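Step one of this worksheet: look at the structure below.
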Amino acid sequence: MTAFRIPGKGRVNHDTAVRFRFDGKSYGGVEGDTVASALLANGVHLMGRSFKYHRPRGPVTAGSEEPNALIGTSRGKGRFEPNTRATVQEIYDGLKAESQNKWPSLNFDIGAVNDRLYMLFSAGFYYKTFMWPKSFWDRVYEPVIRAAAGLGVSPSEPDPDSYASRYLHCDVLIVGAGPAGLAAALTAGRSGSDVVIVDEHTEMGGTLLSEDQVQIAGQSAWDWLSATLDELKGMNNVRLMTRTTAIGYYHQNMVALSQKLTDHLAAVPGNAPRERMWRVRANQVVLAQGAIERPLVFDGNDRPGVMFAGAAQTYLNRYGVKVGERAVIVTSHDSAWYCAFDLADAGVAVAAIADTRDEIAPEFAQMAADKGIEVLKGHTVSSTTGRLRVKSVLVNPVRNGKVGASRTIDCDALLMCGGWTPSLHLFSHTKGSLNWDSEAEVFLPGDKTEACHIAGAGRGLWGIARALEDGANAGSEAAIAAGYATEVGLYPVEADRTGGGVTHKELPSDRDAGKAKAFIDFQNDVTAKDIRLAVREGMRSIEHVKRYTTNGMATDQGKLSNMNGLTIAADAVGKEAPKVGLTTFRPPYTPTSFGTFAGYHKDAHFELTRKTPIDGWAEENEAAFEPVSLWRRAWYFPLSGEDMHRAVARECKATRQSLGMFDASTLGKIEVSGPDAVEFMNRMYTNPWTKLAAGRCRYGLLLGEDGYIRDDGVIGRLSQDKFHVTTTTGGAARVLNMMEDYLQTEWPDLKVWLTSTTEQWATIALNGPNARKLIEPFVEGQDLSEEAFPHMSVSECKVAGIPARLFRISFTGELGFEINVPARYGRELWEKLYEAGQQYDVCPYGTETMHVLRAEKGYIIVGQDTDGTVTPDDAGIGWAVGKKKPDFVGMRSLKRPDLVAEGRKQLVGLLTDDPKTLLEEGAQIVADPKQPIPMKMIGHVTSSYWSEALGRTIALAVVEGGRSRMGESLHIPMPDRVLSAKVTETVFYDPEGERLKA
Amino acid sequence: MTHFSALSLLSNALTGHKNWREQWPDAQPKKAYDVIVIGAGGHGLGAAYYLAKEFGITNVAVIEKGWLGGGNTGRNTTIIRSNYLYDESARLFDHAVDLWEGLSQELNYNVMFSQRGVMMLAHNVHDVQSFKRHIHANRLNGVDNRWLTPEEAKAFCPPLNIESNARYPVMGAALQQRAGTARHDAVAWGYARAASALGVDIIQNCPVLAIRRGTDGAVEGVETTKGFIKAGKIAVSAAGNTSVVMETADVRLPLESYPLQALVSEPVKPVLPCVVMSNTVHAYISQSDKGELVIGSGTDQYTSYSQRGGLPLIEHTVAAICEVFPMFRRMRMLRKWGGIVDVTPDRSAILGKTPVKGLYVNCGWGTGGFKATPGAAHTLAHTVAHDEPHPINAPFTLERFQTGRLIDEAAAAAVAH
Amino acid sequence: MLLIHCPYCDETLPELEFAYAGEAHIDRPEDPSAMTDEEWRDFLFIRNNKRGTHFERWRHINGCARFFNAVRDTVSDKFLTTYKAGTPRPSDAELEELGK
């Protein structure tokens, strides 16, 4: 048993010892301990160093609002985590924890020199200096500042854990399982509504866990709690979730929950997710988040051993841990008196209770007298002593606003309470309004924007009796609003602890205020002086004060500091607090792992990968792949020892000489059908469609309404009222969306149906002089002769017995066919053709070869040779625009002044002077390479490849007035040299198109 | 204005910091000004500063509906870069970077402009083509930007995941070493302090109800919650709220306002030495001097003034960060917030004159307004002072939406295939 | 995440099923060729960008795939109503009633 543990007391399991390490030293705790409670049980208060001054710090709270006791935890490779709150982290056998922001050790930290120089490090000091010499900022000042800042160190290895996520719908979500939340759950649960109740702690009960003296409905608090939890667990319509934090309250009652699943386990089951994100959509939400204690602001209020009275009470009653041997209480609120009494009852010497108020309830005074505790009414605290642990406190009487002489009282624990702040973070996320209660000096919930109910301390109601009553009512309201009939239970309470108090700005002192280190934001080392300095410097809005001083920006997000900061800023400005403003609380309620937000979207599952039916074959045949939008596509098929260049050269050659096959399944496919299909096509695409006969194809060009090229593809007319439209791989969804938009909202009178068929068809492109020879034996129902099935034909027939849409089209300039078969036959057909193709040395090729072959023919790739600023005329495909059409999407925009202006960039070919020189795609083109920078750039290279067929490089480029520059020499200045090239037509290979008819 | 320096800091430290004066007075409006700037963000305050400093126009008020610097200036992820493709954009943003480089000294306020480099990741062949196009254009425009192989990118930014089995493997990166970050609040405060010292009135908590125009159509002044304030020239620099303000002058704009979210992690010791952007996975990240990872998200799909934003986008953003930096998965999100960004059809700003005499507008910066702050402010001041645009902002007209002469950086990076 | 009522499915569903599609009631002109550059610009680009009651289009893209109209308050993000494409916009009086 450790020195400060009281045998048998509290809710921890004294019989199960747990060992863990902190800063390399082994400590013992018991099951149910947090790192903080276990260390306190060992008499260790010093757990960390503050951000700026590196002051020694111990826990000030017993919960998730802890600003000081932050540790790093590790449990093997990739499982290090910084800035974990020791007050939340449960211990388990083998836990390794370490303190942060110190060097060389927690006890002796060089960085603490900042504390000596604190006068220099006033609020906003860095805005006023480090400006000279100018070059020093990046090289000297900033690196030093950065190294000094930060708290823990980042993890350095990939996290091996997995994270889960779930959706959940319920009638009533209750956030917080203290007395108010539990009473709400009982009412709502008994009504039959679907209830979810969550609590961030390891067990439910909230305040009840540390106030075991209370009697509810004739039972002791803990008996009532067990009975209540048993009843709730017995209801099928109630789900109870512990270690679960409601982190954010989003639109229309969606609340995000972060549930911790394994961080408390010594042995983690192999595949267990570490955390789970729940996205709960609740009909009604009850917020029963309680209240957070407020520090008193006095010099030295941050020493290890100074903590909240409420925290000391929790350590005592819940964990069975005395936070010291000799305690002094300093308070402005009744609640701390109970702490004093509990400590005294547990055998802690309570040296004094210093209350800032002049009037104290007589029963308090009596009880203190009974327990032999000295009572100091109307007192202030002017300072404390002690370096690594508080040693004494200086208290002074205050009479008529005058601070009397101080008296030093020795102590090893100084327990403070400056009042309670209703916890309205989630309510604040909803943009609900907050009303200032000038009497209690707290913000309380005002107008609501969501279907939520606030219960208990969140509404400024203190004591367990009122929490239970209010919670029961809130649960009832919620269940009724969700459509259930309720009966509100009664919870008679005895031995309740209620009371009130006052709040303060800095406590009055007889010492030099300029030298006081009275902390408001413990972690960020913001003092009362800093707040006043900020106001003096013109920061009058609380947002300015916050940003200038960093008050409230620490990892507790102002849970402890916001109200004190506001009170003091308001005092300095000379206005009431709400006039100075309240900083908005933002999600998440407590810091939440990135992994939890990412959930399943990790590694290969970050985004789905679309694969064609033939992808598996490509993988088995060792294709290199490239990502194209969500697809992965076979890029090239290297034989052993081949690099990309050689593989592509081989694939190109094989295709032009004999036969290549290509998986074109990713091409977008949309079926446009219906009596008005042709009219629809006329309106959407630039081309005329009326005269296109069934069984024929046409290159289709689609513009945006702004006149720029959006997409293109070959479109086959299957029958009078049916078109098979193809789109670019990446454009399929956009094109369909655009078509649907026009069809549904502009032309609803047209009888047209659009169906996405991209994934319905597998598409195999066969190109090369032997393409027809290969497929002819497989085709039934279509004569493939030049006369019967010329270039740009389409037919519904059978290929290898499979119903197919067969196109005679070519994106290579060779005789070409594209066979579409239902996706499930794709691989089977591919393999059949590949096998039969062996007699022609068939060569499977990938996207890179496809790109080269099409570039040799000057066929554009939308998105590569065009960007979103290119018109049909710019791209040299003005022929695809129907001149006699009355209208089509984008037609009007083509007549805008800048779109018909001279000198627009036009697509041309480029041939480098040196046939071996490959231009870089994206390289910029100039007319005069000798001009100084900035140069006048007249275009850029859009496509550039080695052409095996031509034995030289080729390129496409967009160039200002390009088509009038044929034969002109242009220049491409590279970092190391200037390249030169001649402007040519865009078709480099077989300009007459003879090979299409091979 | 008290001069800020190590010496003044030291001497004030010795006197308990009791003698610092307010950095800007909280002004009450006069009856009339030569120029009123609507919106006290970095852009508006900066414009007022340059009007006073460079153009000698000191009878200027900056009117703000809330507190200065409380809009997008104080809500963005502070990325500053100028490696834009088009000459027009490159010139404007590079002008801004030129001014950023001397801004701390110019304003006597440390805005912590940190030229730690901005690295943009290429994840597919299309990205590579697009980035190379940018790099070559930048080079010939005299704008810093260079190509890094995946290995070079990792050497520059060690936490980066360049494994080839990633869902979106890193195929390289474009690095602008001259780019970086700055302390956003300090920019607003520094301009406010310097402008105040030159006589500019900064009027906070004073929503503009309407811009009033005279019978000749020209502006006369603004109706505010603190009464009518007369002015011959009005410059609107109100970011997400520009449409609302301009409509009161009967000027309708090609703008839509979207929620944009950002978040920070808990602070840690230095781990990320530069800014990393990935447009393909939508991840934008840097580490603040305080140690927080500062992460930008994309815009929500719908227009909104709620400054709220939804969860799915944040989940995607964080997943993207974890994809690029798997070691950050155990880091924790500390705080996320929303801003309102005004977006034009070509996603470039509108910066110049309007059809109304005496009315000038500076808007449409989308998600990238912070980086332009000094450049936009400076050229806006020039435009107001001369009633003619500066050559740098001349292309950023409202007329371009009629002629079609758009400056479409996003379209230039079009993704199709 | 918003909850959106699809007037075709007559169900209220999460935003993930829907795609925003810009301001509503901007009809494509009958005869674009007859428009001036200025009029055409207004059609293409000028938007109300209303702070408050906003008429807008959504598409139930991961559901019935229909485009429909909605009225949403852009300050609170609350939907006042949704209605089928092609039906007239609700009157001010109707909207006031819905806002209550």
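Chains as they are written, first to last, in our numbering: chain F, 1 to 998; chain V, 999 to 1415; chain B, 1416 to 1515.
Beta carbons are placed, not taken as given, at the ideal position from N, Cα and C, and that holds for glycine.
In this text, all values refer to a predicted model and were calculated from it rather than measured experimentally.
Strictly by DSSP, which residues pair up with M416(F)? Numbered from its first residue, the first sequence carries residue 416(F) at position 416. Paired residues: F308(F) and V330(F).
If you count every other CB in all the chains shown that lies within 10 Å of the CB of E487(F), and 16 or more means buried, which is it? Taking the first residue of the first sequence as 1, we reach residue 487(F) at position 487. So E487(F) counts as exposed.
At a Cβ threshold of 7 Å, is Y250(F) touching chain B? Position 250 of the first sequence, counting from 1, holds the residue named residue 250(F). Output row for Y250(F): interface = yes.
Unbroken beta strand (DSSP E) run spanning P578(F), endpoints: Taking the first residue of the first sequence as 1, we reach residue 578(F) at position 578. Careful: P578(F) lies outside any beta strand (DSSP E), inside the alpha helix (DSSP H) at A577 to V580.
Show which residues of chain F have a CB atom less than 7 Å away from the CB atom of R1403(V). Position 405 of the second sequence holds residue 1403(V). What R1403(V) touches in chain F: D898.
Between which two residues does the alpha helix (DSSP H) containing R276(F) stretch? Here residue 276(F) is taken as the residue at index 276 of the first sequence, counted from 1. Careful: R276(F) lies outside any alpha helix (DSSP H), inside the beta strand (DSSP E) at E275 to L287.
What residues are listed by DSSP as bridge partners for V697(F)? Residue numbering aside, residue 697(F) sits at position 697 when the first sequence is read from its first letter. The question names Val, yet the displayed sequence has Cys at residue 697(F). BP columns for C697(F) point to G716(F).
Using only alpha-carbon positions, find the residue among F1482(B), C1479(B) and N1464(B) that is nearest to P1257(V). Walking along the second sequence from the start, residue 1257(V) turns up at place 259. Checking every option, the nearest Cα to that of P1257(V) belongs to N1464(B).
The alpha helix (DSSP H) with M563(F) in it runs from where to where? In the first sequence, the residue the question calls residue 563(F) occupies position 563. That run of the alpha helix (DSSP H) goes N562 to V573.
Can you tell me whether G218(F) is buried or exposed? The criterion is at least 16 other CB atoms within 10 Å of its CB, across all chains shown. Position 218 of the first sequence holds residue 218(F). Flag for G218(F) reads exposed.
What's the C-alpha gap between I938(F) and P929(F)? On the first sequence, residue 938(F) is found 938 positions in, with the first residue counted as 1. On the first sequence, residue 929(F) is found 929 positions in, with the first residue counted as 1. One C-alpha to the other measures close to 11 Å.
Can you say whether I1200(V) is buried or exposed, counting buried as having 16 or more other CB atoms within 10 angstroms of its CB? Here residue 1200(V) is taken as the residue at index 202 of the second sequence, counted from 1. Flag for I1200(V) reads buried.
So if DSSP puts V672(F) in a beta bridge, which residue, or which two residues, is it bridged to? Against the first sequence, residue 672(F) aligns to sequence position 672. Beta-bridge pairing links V672(F) to F723(F) and L754(F).
Touching or not, the stretch 705-714 of chain F and the stretch 749-758 of chain F, by the rule of three or more beta carbon pairs under 8 Å? no
Are there any heavy atoms of the ligand NAD lying less than 6 Å away from the beta-carbon of G404(F), as far as the coordinates show? The ligand NAD is not among the ligands present in this structure, which contains no ligands whatsoever.
Establish whether the CB of L1207(V) and some CB of chain B are separated by less than 7 Å. Residue mapping note: residue 1207(V) aligns to position 209 of the second sequence, counting from 1. Output row for L1207(V): interface = no.
Give the residues of chain B in contact with E1254(V), contact being defined as C-beta atoms less than 7 Å apart. Here residue 1254(V) is taken as the residue at index 256 of the second sequence, counted from 1. Residues of chain B passing the Cβ test: R1462 and N1464.
Helix, strand or coil at M966(F) according to DSSP, with G and I counted as helix: Along the first sequence, one-based indexing puts residue 966(F) at 966. Three-state DSSP puts M966(F) in coil, outside helix and strand.
Closer than 8 Å by C-beta to S332(F): which residues in its own chain qualify, once you throw out the five before and the five after it? Chain order, please. As a first step, residue 332(F) is located in the first sequence; it is residue number 332 there, counting from the start. If we look at S332(F) and ignore the five residues flanking it on each side, its Cβ neighbours are L296, D355, T356, R357, C417, G418, G419, G501, V502, T503 and H504.
Would you verify that the beta carbon of V1413(V) is, or is not, closer than 7 Å to some beta carbon of chain B? Here residue 1413(V) refers to the residue found at position 415 of the second sequence. Unreliable placement is indicated for V1413(V), whose pLDDT of 46 sits below 50; the coordinate value is still reported in the next sentence. No Cβ of chain B is located within less than 7 Å of the beta carbon of V1413(V).
If you check the beta carbons only, do D302(F) and F522(F) fall under 7 Å apart? The residue given as residue 302(F) occupies position 302 in the first sequence. The residue given as residue 522(F) occupies position 522 in the first sequence. Going by C-beta atoms, D302(F) is nearer than 7 Å to F522(F).
State the DSSP-derived secondary structure class of D299(F), mapped to helix, strand or coil. Indexing the first sequence from 1 puts residue 299(F) at position 299. If DSSP states are grouped into helix, strand and coil, D299(F) belongs with the strands.
For A1260(V), report the span of its beta strand (DSSP E) as first-last. Here residue 1260(V) refers to the residue found at position 262 of the second sequence. Taken as a continuous stretch (DSSP letters only), the beta strand (DSSP E) holding A1260(V) covers E1254 to S1263.
For a quick check, are the C-beta atoms of Y1465(V) and I1348(V) less than 7 Å apart? Chain V is shown only over 999 to 1415; residue 1465(V) falls outside these bounds and no answer can be derived.
Run through DSSP, which three-state label would C1479(B) get? The residue given as residue 1479(B) occupies position 64 in the third sequence. Three-state result, C1479(B): coil.
Rounded to a whole number of angstroms, what is the C-alpha to C-alpha distance between T1315(V) and T729(F)? Here residue 1315(V) refers to the residue found at position 317 of the second sequence. Here residue 729(F) refers to the residue found at position 729 of the first sequence. So the alpha carbons of these two residues sit roughly 25 Å apart.
With which residues is N767(F) paired in a DSSP beta bridge? Position 767 of the first sequence, counting from 1, holds the residue named residue 767(F). Bridge partners of N767(F): G660(F) and G816(F).
Using the beta-carbon count (16 or more within 10 Å), is Y1000(F) buried or exposed? Residue 1000(F) cannot be examined here, being either before or after the span of chain F that is shown, 1 to 998.
In terms of residue numbering, what span does the beta strand (DSSP E) encompassing S335(F) cover? Numbered from 1 along the first sequence, position 335 holds the residue referred to as residue 335(F). Segment S335 to D345 is the alpha helix (DSSP H) holding S335(F); no beta strand (DSSP E) there.
Quick one: what does DSSP say P179(F) is sitting in, helix, strand or coil? Here residue 179(F) corresponds to residue number 179 of the first sequence, with the count starting at 1. Helix, per DSSP.
Quick one: measure Cβ to Cβ for Y589(F) and L426(F), integer angstroms, because I've assumed they're closer than 8 Å. Along the first sequence, one-based indexing puts residue 589(F) at 589. Along the first sequence, one-based indexing puts residue 426(F) at 426. Between L426(F) and Y589(F) the Cβ distance is about 7 Å, and since that is below 8 Å, they are a contact.
7 Å Cβ cutoff, R146(F) in contact with chain V: As a position in the first sequence, residue 146(F) is number 146, starting the count at 1. Output row for R146(F): interface = yes.
Three-state secondary structure (DSSP) at Q1026(V)? Within the second sequence, residue 1026(V) is the residue found at index 28, counting from 1. Note: Q1026(V) maps to coil in three-state DSSP.
Give me, in chain order, the residues of the same chain whose beta-carbon lies closer than 6 Å to that of D138(F); leave out the 5 immediate sequence neighbours on both sides. Within the first sequence, the letter at position 138 stands for residue 138(F). Closer than 6 Å at Cβ, skipping near neighbours: no residue.
Straight-line Cα distance separating L40(F) from N396(F): Along the first sequence, read from residue 1 onward, the residue named residue 396(F) stands at position 396. Along the first sequence, read from residue 1 onward, the residue named residue 40(F) stands at position 40. About 29 Å.
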